[in-house]
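Below is one structure, written out as structure tokens; comments come after it.
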Amino acid sequence: MRPLQARIDLDALRDNYRLACERAPGASAMAVLKANAYGHGAVSCARALAPLAPAMALASLEEGRELRAAGIDCPLVLLEGFFEADEIDEAVDNGYWCVLHSHWQVEALLVALRARPGRRPPVLIKCDSGMHRLGFFPDEARSVCRRLMAHPDVGRCTLMTHFATADTADDAQLRHQMAVVEALRVDLDMPACFANSPATLSAPRSHAEWVRPGIMLYGANPLERDHPDHDRFASRLRPVMTLESRVIAVRELGVGEPVGYGARFVTERPTRVGVVACGYGDGYDRHAPDGTPVLVNGQRTGLIGRISMDMLTVDLSDIPGADVGARVTLWGRDENGGHLAVDEVARWCDTIPYTLLTGVLPRVPRRYYHHHDDEHGGDDSSRTP
Ligand SMILES: Cc1ncc(COP(=O)(O)O)c(C=O)c1O
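For what it's worth, full-length UniProt numbering labels the leading residue of the sequence shown as 1, then goes sequentially.
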């Protein structure tokens with residue numbers, strides 16, 4: 001069997017969720033499980049969190065169908081609402097809470113509810129408080145909220161917004177966005193849901209009735225490195241995914257020898273090259289430069305040469321004993337307790353942990369662990385964690 005796998009630690013996932021709850025003690029936390037739980041496997045992650053999380057948040061009804069089919073019965077929040085009016089009945093009848101960000105959605109929802117009154121679905125009304133992606137401008141949001149709160153066919157209305165810069169050290173925009181939605185919330189006297197992971201960890205004034213942690217559940221640090229709270233939570237966030245493989249071949253090269261496509265890397269010393277079963281066809285970032293860290297048998301070394309579709313190459317020269325079969329950790333926690341943060345690999349690749357985690361492709365088997373190394377292998381859809 002190809003040795004590449006993504007090991008998913010469901011205890012770590014639950015601990016990270018508990019950290020979100022601890023940081024926002026007055027709020028309920030909806031677990032953001034969109035994009036296949038940020039690449040970790042939505043069904044297994046949802047099952048692991050179901051006893052803890054009162055609601056989960058997704059990007060589409062299609063994502064929700066998978067969870068409903070697996071028996072997840074908590075409210076499922078559609079963060080962009082429905083995309084077409086013909087999704088509304090399925091959403092309302094199956095316990096989804098729709099975000100409403102556009103006038104056409106409000107009108108289409110009211111038409112559908114009028115046709116079959118009495119269902120009174122909860123909705124979240126999204127205010128564009130400054131990110132300028134989705135939502136109603138504040139004055140529009142005020143009138144949409146007033147209208148829906150007074151409407152007999154609509155259930156509980158929650159005010160929602162999304163922060164553009166909660167992860168950064170400069171808090172000027174966060175303070176501006178907060179001021180906008182706080183004024184609305186007080187004026188309208190309604191429940192609210194504002195905070196993503198960085199705000200859940202470090203902006204307590206934003207917590208309100210609900211928080212929406214995503215990336216922190218998976219153990220990546222949502223705060224930028226120069227954020228004053230970055231180090232405070234680093235040790236509390238437990239990595240959930242370990243992407244690991246093995247060395248499948250070793251080459252001994254002299255000085256001046258190129259390695260891999262494009263001959264990007266050329267040896268400057270006698271070099272032992274380890275070929276590892278993992279490539280961009282698995283989702284590993286092809287832009288990873290020479291030197292991007294990996295762990296081989298628990299020891300740090302670096303990539304050399306371009307990433308291929310199914311393989312990548314690492315420098316084994318300083319890791320005596322590392323041979324065919326040596327264990328390679330691309331990110332996460334290795335067997336010896338060593339840790340290579342996905343955040344660090346992301347920095348090398350000039351990207352963010354979100355893209356690395358969501359980018360792990362379906363051909364990489366996910367293997368699920370919980371409760372002291374009890375293992376549940378194989379593909380996510382068929383296993384009960
Ligand atoms: C609307 C919304 N809420 C919450 C989240 C979770 O954000 P994070 O993963 O940064 O916690 C996202 C993520 O993209 C989002 O789009």
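Glycine included, C-beta positions come from ideal geometry on N, C-alpha and C.
As assigned by DSSP and simplified to three states, the class of residue i
i, result
"E335", "coil"
"Y284", "coil"
"A6", "strand"
"V154", "coil"
"S28", "strand"
"L67", "helix"
"A52", "Checking the sequence, you will find Leu at residue 52 rather than Ala. If DSSP states are grouped into helix, strand and coil, L52 belongs with coil."
"L58", "strand"
"R120", "coil"
Own chain, CB closer than 6 Å to residue i, minus 5 neighbours either side, in chain order
i, result
"P191", "T158 and E209"
"G378", "A caution first: G378 carries a pLDDT of 46, below 50, which makes its placement in the model too unreliable to give a value."
"W331", "L243, L340, V342 and V345"
"T200", "A20, R23, A24, V211 and P213"
"Y38", "Y218, L357 and T358"
"P222", "D167, S197, P198, I215 and M216"
"F137", "D128"
"G338", "L295 and G298"
"D15", "R238"
"D373", "Bear in mind that the predicted position of D373 carries a pLDDT of just 47, short of 50, making it too unreliable to give a figure here."
"R156", "P122"
8 Å CB neighbourhood of residue i in its chain, flanking five on each side removed
i, result
"D334", "T242, E244, L295, G298, R327 and L340"
"E80", "A59, S60, V99, H101 and L134"
"A70", "V43, A46, R47 and S381"
"G262", "R306"
"M1", "none"
"V266", "G256, E257, P258 and V259"
"Y17", "A29, A31, L49, L52, A53, P213 and L217"
"R146", "L188"
"R363", "G281 and D282"
"residue 463", "In the structure as shown, the chain begins at 1 and stops at 385. Residue 463 is therefore absent and cannot be evaluated."
"L361", "G281, D282 and G283"
"G325", "R246 and V247"
"D229", "L201, S202 and L223"
Expected contact under 8 Å - CB spacing of residue i and residue j to nearest Å
i, j, result
"H207", "D167", "That pair is no contact at about 16 Å."
"R7", "Y369", "6 Å"
"G321", "L303", "Incorrect: roughly 20 Å between the Cβ atoms, too far for contact."
"W97", "P121", "7 Å"
"T329", "G274", "Wrong, their Cβ atoms sit about 13 Å apart, outside the cutoff."
"V154", "L113", "7 Å"
"M248", "A277", "What sits at residue 248 in the sequence shown is Ile, not Met. Right, their Cβ atoms sit about 5 Å apart."
"L13", "V181", "With 8 Å as the limit, L13 and V181 do not qualify as a contact, their Cβ atoms being about 29 Å apart."
"L124", "C74", "Rounded, the Cβ-Cβ distance is 15 Å, inconsistent with contact."
"R366", "G41", "5 Å"
"V250", "D323", "6 Å"
"N94", "R116", "That belief does not hold up - the Cβ atoms of N94 and R116 are roughly 14 Å apart, past 8 Å."
"F83", "A91", "Not confirmed; about 11 Å, so no contact."
Own chain, CB closer than 7 Å to residue i, minus 5 neighbours either side, in chain order
i, result
"R286", "Y280 and I307"
"K34", "A57, L58, A59, E63 and L79"
"T271", "L253, D315 and S317"
"A203", "A166, L174 and A195"
"M309", "G279, Y280 and G281"
"P353", "I215, A220, V342, D343 and A346"
"P385", "The predicted position of P385 is uncertain, since its pLDDT is 32 and thus under 50; a value taken from the coordinates is nonetheless stated next. Here the set comprises L10, S44, R47, A48, Y368, H370 and H376."
"A27", "H207, A208, E209, W210 and V211"
"A288", "L303, I307, W348 and C349"
"R236", "L19"
"A268", "Note that residue 268 is Glu in the sequence shown here, rather than Ala. Excluding positions up to five away in sequence, the list reads V255."
Counterpart residues of residue i in DSSP-defined beta bridges
i, result
"I125", "L100 and L159"
"A46", "Paired residue(s): none; A46 is not in a bridge."
Q. Can you list, in chain order, the stretches of the alpha helix (DSSP H) that have 4 or more residues and sit fully within the UniProt domain "Alanine racemase C-terminal" (240–369)?
A. Correct list: 342–348 and 353–358.
Alpha helix (DSSP H) runs wholly inside the segment 74–118, at least 4 long, in chain order:
88–93 and 103–115
Subject >> alpha helix (DSSP H) runs wholly inside the segment 129–203, at least 4 long, in chain order >> reply: 138–149, 172–188 and 197–202
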